[in-house]
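Only one structure is covered here, and it is reproduced in the block below.
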Amino acid sequence: MNRPTRFLAGLLAVQIVIAALMFVPRLLPASTSGAPLLGALQVADIVGLMVQDKGGKSIELANRSGAWVLPHSDDYPAEVSKVQTFLEKLVGVQTDALVTRTASSHKRLQVAADDFVRKIDLKLADGATRSLYLGSPSGAGATHVRLDGQDEVYLARGLNSFEAGVEASAWINTTYLSVQQSQVTSLKITNAQGEFEFVKNAANQWVLKDLAADEQPNIDQPTVLIARLGSVTIRKPLGKEAKPEYGFDKPAAVVTVVVSDTTSTTVKTLTIGTKDAEGNYPVIASDSPYYVSVSGFTLDQFVNVNRNSFLVQPTPTPTAEPVATPALTPGAPVTATTPITLTSPPTSTETITPTTTP
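Start counting the sequence shown at 18; every next residue gets the next number (our numbering).
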């Protein structure tokens, strides 16, 4: 490598280092080495959790004798492991990676009181509350974090702001109804179009129970619907009260499925209410005390199917279009509808004058 090449390579290396330093937050010396940001606080001391985003959307969880629940949804159960893991990460945040001590940097790092990614309120067993702001990511799985009431901002390693979801689905087991397709022995759907019951034929295919001799079953459609019952997932829990707007006085559909294994037979019913403005349905299952909201994509077919949905429709025979022929009246003269007339007699455009020979 000649000298000019070595010089240029060295210059490039210096530029790369400078660029890296510009994008990596400068860590200031921490006041203490590795001290917990929340002090001596333990997960067992926390009895309530509220997560809020900048837009004001929030979710609250409460600890009821060791079980985490959603108090605004009639204590719908949360997944303890999800809540526990998140709280352990919060309690484990250390102060050994100080980013700034200046309040003017809070907005840039998205940990300001009016500009944040997530605000976390922890309710403690002694009645006190501790609040933190989770801000922008800083690469390598780290997130800027600030304790409310302090100017210092730290890097929280192994913590992502979006782990703190503001939707119920982030904290619960979203499976509401699960049916093993191979164990289904009967299916019945009742909706505004009628009642449709299915049995298996000699070829082990699902067909309408009252199939007429001249009807050919669409064997795929019942299978698709049974597959959808394999995992009915929750958009959000609604609580234990059947509100009038759910429309359960006149359900959009009722689905009844019989499931059998080697030891027992179970009848499960899913009642589907009125579709809401967001395109979701309120539903309740016979084995749950909770009403929940389920995506329209999952349930639309149960609401909209009719008898023809389960039959193979005959292919229509194409017919030739008749050619229209004008009618003629015997003895009537045939005349042109538009007479042709000359607008002016033809004229010569040029006059030829004979020349005179001298």
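All C-beta atoms in this analysis are idealised placements derived from N, C-alpha and C, irrespective of residue type, glycine included.
Exposed is the label assigned to residue 325, since fewer than 16 other Cβ atoms lie within 10 Å of its Cβ.
Residue 83 and residue 102 have their C-alpha atoms some 14 Å from each other. When DSSP states are grouped into helix, strand and coil, residue 129 belongs to the strand group. Taking every protein chain shown into account, the CB of residue 221 has fewer than 16 other CB atoms within 10 angstroms, so this residue is exposed. With respect to residue 68, residue 137 sits close: the two C-beta atoms are nearer than 9 Å. The C-alpha of residue 126 is placed about 39 Å away from the C-alpha of residue 313. Going by DSSP, residue 319 is part of the alpha helix (DSSP H) stretching over 313-321. Inclusion of residue 204 and residue 140 in the CB contact set at 9 Å is not warranted, their separation being larger than that value. Shortest Cα-Cα distance from residue 231 to any of 316, 258, 328 involves 328. In the DSSP assignment, residue 176 falls outside any alpha helix (DSSP H) and carries neither an H nor an E. Straight-line measurement puts the Cα of residue 289 at about 11 Å from the Cα of residue 273. By DSSP's assignment, residue 239 forms no beta bridge with any residue.
Annotation for residue 323: 210 place their beta carbon closer than 6 Å to its own, counting only its chain and skipping 5 residues before and after. The alpha-carbon separation between residue 265 and residue 299 amounts to approximately 9 Å. The three-state secondary structure of residue 217, taken from DSSP, is strand. Segment contact: the stretch 74-91 against the stretch 154-170, fewer than three CB-CB distances shorter than 8 Å; contact not assigned. Residue 138 has 67, 148 as its beta-bridge partners, per DSSP.
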